[in-house]
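Some notes on the structure that comes next.
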Amino acid sequence: MRVLFVMVPLASHVYPNVSLAHALQAAGHEVRFASKPGAEDVITGSGIHAVTVGCSAEEDHVDEGDVPLDALAIDPRDGESWRSVRRYLVPRLVSAYFRSDDGSGRGGVVDDLVAYCTQWRPDLVVWDPAFPAASIAARACGAAHGRLLWAVDTVGQVRHKTLEEIGDGGAVPERDPLVAAMMPSLERHGVPFGEDLILGQWSLDPVPEGARLPVPGHTYLPMRITPYTGAAVEPEWLRTPPSRPRVCLTYGASVRGYAPRFATVPLPVLMEAFAGLDIEVVATLTEEEIAEAGRIPDNVRTVDFIPFTQLLPTCSAIVYQGGDGTFGCAVPHRLPQLINLSPKWGEIAVAQFVERRGAGLVIDDAGATAGEVRAQLQRILTEPSFRKNADALCEELMAMPTPHDLVPVLEELAGRS
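Mapped onto my numbering, the consecutive letters of the sequence shown carry residue numbers 8 to 424.
See below:
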């Protein structure tokens with residue numbers, strides 16, 4: 008069969024699709040990745056053919072409203088947090104996918120995707136939760152379609168809460184701005200509205216069960232996280248086993264350059280916490296972040312980029328912002344985690360899950376001193392329970408179906424469409 012993956016043009020959104028795409032290719036299926044301009048090198052570098060649709064992300068002219076970036080995380084403890092996420096999310100989706108380039112109501116990413124799907128005729132479309140235009144193209148060409156989640160189902164939670172708020176009248180344009188924005192594209196391509204256009208007919212879910220935020224009534228297909236973070240030539244220094252515990256400091260891939268500004272404690276405090284410890288820290292930081300960090304201790308090595316699949320097998324712990332992609336790399340490598348929370352999507356749910364499972368600690372006090380952070384890091388490195396619980400979390404993940412296991416499931420789902 009032919010399978011089209013559609014994703015946001017960011018490396019952090021491309022990476023979660025790669026392992027499943029390779030599993031499908033290994034089973035004899037044709038695979039393409041479609042995205043807006045900007046992801047072509049990342050896609051082709053993963054060994055998958057790229058298809059470019061729509062205008063570049065820089066041309067979207069998104070009105071972000073009055074919602075600060077650090078208010079965008081769904082907090083399972085806060086029944087109202089979804090509202091601030093919606094105030095930010097819906098205008099972004101409308102601007103990125105359902106507002107034409109010239110304001111005429113024609114053209115843009117939806118029409119490009121429909122044209123490509125009509126020509127290539129995929130049997131299955133697997134799409135990014137932040138790229139709902141893909142569902143319209145799937146429906147227009149008669150393909151089965153579903154989302155591949157890369158984090159807790161924040162979009163699903165916002166949609167579920169929105170429908171609860173709308174009430175018995177259901178999703179109608181007069182009361183639902185996202186549906187209203189989608190209607191011109193739906194009418195143009197003869198596609199009737201259905202909730203599957205926002206949440207998919209089903210969702211592939213790599214999040215461990217205890218950390219999920221499922222939508223009632225929606226079908227989730229568990230799929231084991233199989234880390235892929237790009238490829239690079241292995242540096243010589245990495246070939247020598249570390250003589251003391253190695254700790255990775257990272258802010259992930261999707262928010263490089265600005266995540267430290269939203270983290271609970273700033274980089275200079277982390278650097279002061281590392282100083283003097285009998286550890287080796289490998290910090291993946293941009294030049295701007297290095298400048299913000301202040302004095303870099305002698306036991307900290309800074310690198311701009313190194314694939315986690317190279318670095319993490321040599322580490323004893325990881326310090327990061329709570330991002331789902333980094334969490335998905337840390338767990339398979341059995342690493343105790345220290346989370347310097349930078350809430351912007353699913354980080355709060357991840358942090359709560361890690362702490363609840365005893366696999367790490369969370370820096371949750373913005374006034375935490377370097378000494379307090381140092382004490383937390385020393386705990387996850389020296390107390391056996393953190394390694395034991397990280398091992399247990401890894402075993403739980405290993406029990407989930409692999410991307411290869413999902414291939415026959417997807418074949419059956421595509422055959423039903």
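Virtual Cβ for every residue (Gly too), placed ideally from N, Cα, C.
Among the options, the one whose alpha carbon lies nearest that of residue i
| i | options | result |
| --- | --- | --- |
| Ser-192 | Asp-371, Phe-315, Ile-370, Phe-105 | Phe-105 |
| Arg-195 | Val-272, Glu-294, Trp-209, Val-117 | Val-117 |
| Cys-255 | Trp-134, Leu-384, Tyr-235, His-167 | Leu-384 |
| Gly-422 | Ala-382, Gly-365, Gly-149 | Gly-149 |
| Tyr-258 | Pro-229, Pro-199, Ile-297, Gly-224 | Ile-297 |
| Gly-201 | Val-240, Gln-164, Ser-142 | Ser-142 |
| Ala-377 | Asp-160, Arg-341, Val-272 | Val-272 |
| Leu-11 | Pro-44, Glu-47, Thr-226, Ile-55 | Ile-55 |
| Val-121 | Arg-99, Arg-166, Val-60 | Val-60 |
| Ala-280 | Ala-238, Asn-347, Thr-236, Pro-44 | Asn-347 |
| Pro-229 | Tyr-235, Thr-236, Asp-203, Leu-220 | Leu-220 |
| Pro-275 | Pro-304, Thr-293, Glu-294 | Pro-304 |
| Val-21 | Glu-402, Glu-181, Phe-138 | Phe-138 |
| Ala-4 | Val-132, Leu-31, Leu-400 | Because residue 4 is not part of the residues shown, which for the chain are 8 to 424, the question remains open. |
| Arg-386 | Ala-358, Val-414, Ser-323, Pro-408 | Ser-323 |
| Met-14 | His-225, Gly-45, Pro-248 | Gly-45 |
| Met-407 | Ile-232, Glu-362, Asp-372, Arg-9 | Ile-232 |
| Gly-224 | Arg-99, Gln-164, Ile-50 | Gln-164 |
| Glu-390 | Gln-344, Thr-316, Thr-309 | Gln-344 |
| Leu-96 | Ile-313, Val-162, Ala-57 | Val-162 |
| Ala-57 | Ala-144, Tyr-123, Ser-102, Ala-103 | Tyr-123 |
| Ala-399 | Gly-367, Val-380, Asp-371 | Gly-367 |
| Leu-318 | Met-8, Ala-145, Ala-397, Pro-248 | Pro-248 |
| Leu-404 | Lys-395, Pro-415, Arg-341 | Arg-341 |
| Asp-119 | Glu-172, Arg-99, Cys-62, Ile-173 | Cys-62 |
| Ser-349 | Phe-360, Cys-401, Val-361, Asp-371 | Asp-371 |
| Ala-432 | Asp-311, Asp-412, Ala-282, Val-361 | Examination of residue 432 is not possible in this model, given that the chain is present from 8 through 424 alone. |
| Arg-251 | Thr-321, Arg-182, Thr-316, Cys-401 | Thr-321 |
| Ala-144 | Glu-294, Asp-203, Arg-99, Pro-98 | Asp-203 |
First through last residue of the beta strand (DSSP E) which encompasses residue i
| i | result |
| --- | --- |
| Val-307 | 307–310 |
| Phe-40 | 37–42 |
| Val-60 | From DSSP, Val-60 is part of no beta strand (DSSP E); its letter is neither H nor E. |
| Leu-284 | First-last for Leu-284: undefined, no H or E at that position. |
| Val-13 | 9–13 |
Whole-number beta carbon distance between residue j and residue i, since they are thought to touch under 8 Å
| i | j | result |
| --- | --- | --- |
| Val-326 | Leu-277 | 7 Å |
| Val-393 | Gly-365 | According to the sequence provided, residue 393 is Phe. The question's Val does not apply to it. Correct: roughly 7 Å between the Cβ atoms. |
| Thr-169 | Arg-93 | 7 Å |
| Pro-136 | Pro-234 | Wrong, their Cβ atoms sit about 19 Å apart, outside the cutoff. |
| Ser-53 | Pro-410 | So it is not a contact: roughly 14 Å between Cβ atoms. |
| Gly-237 | Ala-18 | 7 Å |
| Leu-206 | Arg-166 | 6 Å |
| Ala-147 | Val-198 | 6 Å |
| Ala-239 | Ile-173 | Not a contact, Cβ separation roughly 48 Å. |
Boundaries (first-last residue) of the alpha helix (DSSP H) holding residue i
| i | result |
| --- | --- |
| Ile-297 | 294–300 |
| Thr-291 | Per DSSP, Thr-291 belongs to no alpha helix (DSSP H); it is in the beta strand (DSSP E), 287–291. |
| Ala-28 | 18–33 |
| Glu-47 | 47–52 |
Report the residue ranges of all alpha helix (DSSP H) runs contained in full by the region 349–394; include only those spanning at least 4 residues, in chain order. 354–363, 377–389
Segments assigned beta strand (DSSP E), at least 3 residues, entirely inside the region 112–175: 131–134, 151–155
At least three beta-carbon pairs within less than 8 Å, the region 182–191 to the region 238–253: no
Does the region 345–360 come within contact of the region 321–335, defined as at least 3 CB pairs closer than 8 Å? yes
Identify every run of the beta strand (DSSP E) within the region 214–274, keeping only runs that are complete inside it and at least 3 residues long; order them along the chain. 227–229, 253–257
Decide yes or no for the touch test of the region 141–157 against the region 207–214: beta carbon pairs closer than 8 Å, at least 3 of them. yes
Quick one: complete beta strand (DSSP E) runs, 3+ long, within the region 311–350? 324–327, 344–347
For the pair the region 277–291 and the region 214–225, tell me if three or more CB-CB distances fall below 8 Å. no
What are the uninterrupted segments assigned as beta strand (DSSP E) that are 3 or more residues long and contained completely in the region 185–216, given in chain order? 210–212
Cβ pair count under 8 Å reaching 3, the region 292–306 against the region 124–132: no
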